[in-house]
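*Asks:* Dropping the structure in here first, questions after.
Chains as they are written, first to last, in the numbering used here: chain A, 122 to 261; chain B, 4 to 92.
Here it is, written out as structure tokens:
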């Protein structure tokens with residue numbers, strides 16, 4: 122009975138956290154804040170539900186069942202990594218932020234990134250070799 | 004009590020997946036769609052675990068673990084593609 126109450130509470134808490142994370146993904150105004158919701162709230166919600174599963178199956182069969190710990194450990198390790206990679210991809214693609222062009226608290230102006238408005242600086246990584254020094258001098 | 008909590012949880016995750024699909028379709032940039040896919044697979048794991056508790060079977064564990072690993076690989080691949088594909092070539 123008390124185990125059922127614990128499992129029910131963990132399931133409800135986890136499901137509500139997951140719903141809040143996905144709601145943030147659907148409603149927040151720009152990409153960087155939309156990245157914020159799922160990577161924190163949804164990971165915590167998944168942790169709660171999987172913890173409920175661990176408690177349930179450990180008290181059912183008599184022997185401790187911690188297989189689900191693999192899933193939750195993997196999620197906790199990989200969610201920040203994928204969020205970091207996606208944020209870097211968005212920075213490189215110059216995805217617009219809601220704070221672009223506004224002033225920070227200490228008086229600096231944030232860069233106003235429009236997607237595709239400014240081309241990135243062309244870095245000539247492999248310039249054509251300068252052959253003037255190697256060429257033979259003009260005989261005339 | 005546990006049965007109604009599980010039903011409530013499954014309903015919440017279903018609504019969350021519907022919101023993810025909305026962002027997947029409406030996302031203005033490709034990175035928004037990738038974040039929606041990332042959240043969608045995490046929600047699918049949670050849904051599988053909830054259905055596993057409700058049906059009282061541990062058979063969904065391997066599927067959830069596989070979705071976790073393959074989903075992470077897919078997200079990393081898509082992020083790398085978006086990062087390199089737009090700037091370098």
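Beta carbons: idealized from backbone N, C-alpha and C, even for Gly.
Return the first residue and the last residue of the alpha helix (DSSP H) that residue 152/A is part of.
*Replies:* Segment 152 to 158, the alpha helix (DSSP H) holding residue 152/A.
*Asks:* Is residue 187/A helix, strand or coil when you go by DSSP?
*Replies:* Three-state result, residue 187/A: coil.
*Asks:* What residues in the stretch 35 to 60 of chain B have a beta carbon less than 8 Å from any beta carbon of chain A?
*Replies:* Of all residues in the stretch 35 to 60 of chain B, 35, 37, 38, 39, 41, 42, 45, 46, 48, 49, 52, 53, 55, 56 and 59 have a Cβ within less than 8 Å of some Cβ in chain A.
*Asks:* Closer than 8 Å, Cβ to Cβ, to anything on chain B: give me those residues from the stretch 163 to 177 of chain A, in chain order.
*Replies:* Within the stretch 163 to 177 of chain A, the qualifying residues are 163, 164, 166, 167, 170, 171, 173, 174 and 177.
*Asks:* Let's see if you can read the secondary structure: which residues bound the alpha helix (DSSP H) around residue 180/A?
*Replies:* Unbroken alpha helix (DSSP H) run through residue 180/A: 164 to 181.
*Asks:* With a threshold of 9 Å between beta-carbons, can residue 4/B be considered close to chain A, or not?
*Replies:* Closer than 9 Å: yes.
*Asks:* In terms of residue numbering, what span does the alpha helix (DSSP H) encompassing residue 63/B cover?
*Replies:* Segment: none, residue 63/B is in no alpha helix (DSSP H) and carries neither H nor E.
*Asks:* Is residue 162/A closer than 9 Å to residue 139/A when the C-beta atoms are compared?
*Replies:* Yes, they are a contact pair.
*Asks:* Identify the contact partners of residue 139/A in chain D, using a Cβ-Cβ distance below 7 Å as the criterion.
*Replies:* Here chain D cannot be found, since the structure's protein chains are A and B.
*Asks:* Ignore the nearest five residues each way along the sequence and tell me which others in residue 204/A's own chain have a CB closer than 8 Å to its CB.
*Replies:* 156 and 160, listed in sequence order.
*Asks:* Where does residue 149/A fall in DSSP's three states?
*Replies:* Coil at residue 149/A, not helix or strand.
*Asks:* Check this for me: beta carbons of residue 151/A and residue 216/A, under 9 Å apart or not?
*Replies:* Yes, they are a contact pair.
*Asks:* What residues in its chain sit with their C-beta under 8 Å from that of residue 7/B, if we drop five residues either side in the sequence?
*Replies:* None.
*Asks:* Does the Cβ-Cβ distance between residue 133/A and residue 12/B come in under 9 Å?
*Replies:* Yes, the Cβ-Cβ distance between residue 133/A and residue 12/B is below 9 Å.
*Asks:* Quick check: is the beta carbon of residue 23/B nearer than 9 Å to any beta carbon in chain A?
*Replies:* For residue 23/B, the answer is yes, since a Cβ of chain A falls inside 9 Å of its Cβ.
*Asks:* For a test of the three-state rule: what should DSSP assign to residue 83/B, helix, strand or coil?
*Replies:* In this structure, residue 83/B counts as helix in the three-state DSSP scheme.
*Asks:* What residue range is occupied by the uninterrupted alpha helix (DSSP H) comprising residue 35/B?
*Replies:* Start and end: 33 to 58.
*Asks:* Nearest chain A C-beta to residue 96/B closer than 9 Å, yes or no?
*Replies:* Limits of chain B in this structure are 4 at one end and 92 at the other, which puts residue 96/B out of reach.
*Asks:* Around the C-beta of residue 185/A, are 16 or more other C-beta atoms found within 10 angstroms, so that it is buried, or is it exposed?
*Replies:* Exposed.
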